[in-house]
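Peer 1: When you read off a place in the sequence shown, starting at 1, and then add 67, the result is the number in this note's numbering.
Just so it is clear, CB atoms sit at the ideal spot from N, CA and C, and this is done for glycine as well.
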Amino acid sequence: MTDLDLLTTTRAFRRRLDPSAPVSRRDIEACLDIAVHAPSGSNRQPWHFVLIDDPETRSTIADYYRRGFAHNLSGRTPDPDQLSDLASARHLAEHLHTIPLLILVCTHGRPPATAPQLASFYASVYPAVWNLLLALHAHGYGSCLTTAHLAHEHDIATLLDIPYEKVTQIALLPVARLHPGRPTPPRRRPATQATSWNRWTTPSPTAPHQTAADTSHRDQRATP
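1) With DSSP run on the structure shown, which of helix, strand or coil describes W197?
2) How many whole angstroms separate the CB atoms of L169 and R125, which I take to be in contact at a CB cut-off of 8 Å?
3) Is L118 helix, strand or coil when you go by DSSP?
4) As an exercise, report each continuous beta strand (DSSP E) stretch of at least 3 residues that is fully enclosed by the segment 160-228, in chain order.
5) Can you tell which of A102, Y208 and T213 has the C-alpha that lies nearest to the C-alpha of S155?
6) In whole angstroms, give me the CA-to-CA distance for S91 and A97.
7) Within 10 angstroms of its Cβ, does T262 collect 16 or more other Cβ (buried), or is it exposed?
8) Assess, as a yes-or-no matter, whether the segment 106-113 is touched by the segment 215-224 under the definition of 3 or more beta carbon pairs within less than 8 Å.
9) Take the Cβ of P252 as the centre, count every other Cβ of all protein chains shown within 10 Å, and call the residue buried at 16 or more, exposed below.
10) Let's see if you can read the secondary structure: which residues bound the alpha helix (DSSP H) around T235?
11) For the putative contact between L239 and Y132, defined by C-beta atoms under 8 Å, what is the C-beta separation to the nearest angstrom?
12) If you compare alpha carbons, which of L227, S271 and L200 is closest to F80?
13) Where does A224 land, buried or exposed, given buried means 16+ other C-beta within 10 angstroms?
14) Would you kindly work out how many angstroms separate the C-alpha atoms of D130 and H115, rounded to a whole number?
15) Since T75 is in the alpha helix (DSSP H), which residue starts that stretch and which ends it?
Next comes the structure, spelled out in structure tokens:
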């Protein structure tokens, strides 16, 4: 896998997670070493990773996750083009307790009240999360960034002895080996449709040319 392949095929893996395959602690520690090379504001490095492989604890967290997931869906009518992703997310919620490792990403401090500080608060952690997702994929694992558990952040903090007043949970990453299969890029609209130059109202000009590979990447829709 080339570097570009890794960047374009690291996606939200849910259905392809193999709960029966063992997870190597040495692999995970190597991935975390890569994660912490991410940048952070003023080089604060505020992250902390809680690794959970105890089956009973995973089961309890999975129950909180399912309750948060159900609450998020309450009263929502998904768009037709979201049904496949929703089914994949529901599959993860229903099987989260079987995933051999959960990584709870935390940061020191509680979210600040002002918008600029709040942006910096989260921006100092999410690059490390993305580094971790890339490293996991490079080592043959899959994961996805989830937040449904945050509806019960205080309960999970109590469960894991996390000092709630001093530490904020950012994301929960389910980690497992991937079932066999060739990783493919997820379907995405072209970047030109989300790009403007110099002014919001000045769209990006249409790309001068488009390769067959560019088109095929957008058309592929493998089950994550």
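Peer 2: Here's the rundown:
1) On the sequence shown, residue 197 is found 130 positions in, with the first residue counted as 1. Correct three-state label for W197: helix.
2) Stepping through the sequence shown from its first residue, residue 169 is reached at position 102. Stepping through the sequence shown from its first residue, residue 125 is reached at position 58. So it is a contact: roughly 6 Å between Cβ atoms.
3) On the sequence shown, residue 118 is found 51 positions in, with the first residue counted as 1. Strand at L118.
4) 168-175
5) The count along the sequence shown starts at 1 and reaches residue 155 at position 88. Answer by Cα proximity: T213.
6) Taking the first residue of the sequence shown as 1, we reach residue 91 at position 24. Taking the first residue of the sequence shown as 1, we reach residue 97 at position 30. Approximately 10 Å, taken between the alpha carbons.
7) In the sequence shown, residue 262 corresponds to position 195, counting from 1. The residue in question, T262, is exposed, as its Cβ has fewer than 16 Cβ neighbours within 10 Å.
8) no
9) In the sequence shown, counting from the first residue as 1, residue 252 sits at position 185. Burial call: buried.
10) Within the sequence shown, numbered from 1, the residue matching residue 235 stands at position 168. Segment V234 to L245 is the beta strand (DSSP E) holding T235; no alpha helix (DSSP H) there.
11) As a first step, residue 239 is located in the sequence shown; it is residue number 172 there, counting from the start. As a first step, residue 132 is located in the sequence shown; it is residue number 65 there, counting from the start. At roughly 7 Å, the Cβ-Cβ gap stays under 8 Å, so L239 and Y132 are in contact.
12) Here the question's residue 80 lines up with position 13 in the sequence shown. Nearest of L227, S271 and L200 to F80, Cα basis: L200.
13) Taking the first residue of the sequence shown as 1, we reach residue 224 at position 157. Burial call: buried.
14) Looking up residue 130 in the sequence shown gives position 63. Looking up residue 115 in the sequence shown gives position 48. Looking at the two C-alpha atoms, the distance is approximately 23 Å.
15) Along the sequence shown, read from residue 1 onward, the residue named residue 75 stands at position 8. Unbroken alpha helix (DSSP H) run through T75: D70 to T76.
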